[in-house]
Every structure is written in structure tokens, then in C-alpha cells.
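Okay, so here's the structure we're looking at.
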Amino acid sequence: MELMKEPILPRDEADRLAKLNSLSILDSAAEERFDRITRIAKRLFNVPIVLVSLIDEDRQWFKSCIGLDVLQTGRDISFCGHAIHDSRLFVVEDTALDPRFSDNPLVLNEPFIRFYAGCPLQMGDGSALGTLCLIDNRVRSFSKQDLELFKDLGKITEMELSLTSL
Numbered sequence: 002m003e004l005m006k007e008p009i010l011p012r013d014e015a016d017r018l019a020k021l022n023s024l025s026i027l028d029s030a031a032e033e034r035f036d037r038i039t040r041i042a043k044r045l046f047n048v049p050i051v052l053v054s055l056i057d058e059d060r061q062w063f064k065s066c067i068g069l070d071v072l073q074t075g076r077d078i079s080f081c082g083h084a085i086h087d088s089r090l091f092v093v094e095d096t097a098l099d100p101r102f103s104d105n106p107l108v109l110n111e112p113f114i115r116f117y118a119g120c121p122l123q124m125g126d127g128s129a130l131g132t133l134c135l136i137d138n139r140v141r142s143f144s145k146q147d148l149e150l151f152k153d154l155g156k157i158t159e160m161e162l163s164l165t166s167l
């Protein structure tokens, strides 16, 4: 059996972290503009957990969080750490069948993740600072329309992040 794969660092990691830190958003208070997006996503996709997750050096920190009692988890066990490597949506329909995640503590224990969808949140230079993500404790699939709606919400989230840097 293959063991869980920790996310690798993006090629632009130093620049990505510098960009993230320049926003001065990490460990900041909740903001309605991000919470509004997570509420809409929860309702649209009927999932128990929705996050705006920002990937720091060794953690993923949640700027907005519905459905979890924590504001961060380790980057080493994060799904979002995998999702930031591409501009495309990152969807795992059944984590139990994916060798990258099947023995992940977030799959085997609370919150018992079985479905994950992450939309990379990219800045103008292409660096992905985190994800808008949907999490469910049951297996799911997305229609083409679902994927388009999710991308749209991701673009709205990116727009809000870019306003932080003004």
C-alpha cells in the first residue's frame, strides 16, 4: 500500500510566500467579504465544509471557514497544498481510492474527508496563494455546470484577495 503523499513545494515557493506575506492577511480577523463566498458555496454545493485556505510556509490557514472548529492545519497533511500546483480545479471524488490521501489523518479521522474540490486562488502573476475548497464526508462527483460555478466563485475570491493588496 502506498503511503500518503505530502504536498511538494511549488517552484516559485519563495516568491509565492513573499506575495502572500505582502498582503498582511495571515492571522487577520474574519471578513464578511470572504465569509459571504463560503456561505454561498456551502448552499450551492450542499457540502458541510467550505474554506478559503491560504498556504503558509508550514500550515494552511483559513481566512474563512464553515464547518470546522479549527483555523489551521499542517501543510504536510493539507489537500490544498496539492491543489496550488496547477491553475485547474483539483477534485478528488473519493479520497479512500486516491493513494495520495487514503491514509491521510484528515480522511481516517475527523473530519473524515471523502470528497475534496479545490480552486487555486491565483494572483495576477500566476502564483497560487491558496484555495477555495469544498469538503464532504461522502463521495461525490461534479457536473460540468458545478465545475463552472465553482470556478466562478474562485474568481470572485481571487478578486477579493487582490483588493487586499491595494
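This note's numbering applies: residue 2 is where the sequence shown begins, and numbers increase by one.
Note that the Cβ used here is the ideal one computed from N, Cα and C, for glycine as well.
Remember, predicted model here, so these are calculated numbers, not experimental data.
Pair within 8 Å by beta-carbon distance, residue i and residue j
i	j	result
P121	D87	yes
S79	A31	no
L162	L130	yes
A17	S103	According to the sequence shown, residue 17 is Arg rather than Ala. No.
L154	A42	yes
W62	L69	no
G75	D59	yes
I26	T132	no
F91	A84	yes
K20	M160	no
K6	R89	no
Beta-bridge pairing of residue i - partner residues as DSSP gives them
i	result
L133	V53 and C120
R60	G75
S65	V53
Where the alpha helix (DSSP H) through residue i begins and ends
i	result
S1	Missing from the structure shown is residue 1; the chain here goes from 2 to 167 and no further.
V93	Looking at the DSSP string, V93 is not in any alpha helix (DSSP H); the run it does join, the beta strand (DSSP E), is F91 to V93.
G82	C81 to A84
F35	E33 to F46
S23	E14 to S23
P106	P106 to L109
Integer-rounded CB distance, given that residue j should sit under 8 Å from residue i
i	j	result
I38	I157	6 Å
L45	L150	6 Å
P49	D137	6 Å
R40	I9	Rounded, the Cβ-Cβ distance is 32 Å, inconsistent with contact.
Three or more C-beta pairs below 8 Å linking the segment 111-118 and the segment 136-146: yes
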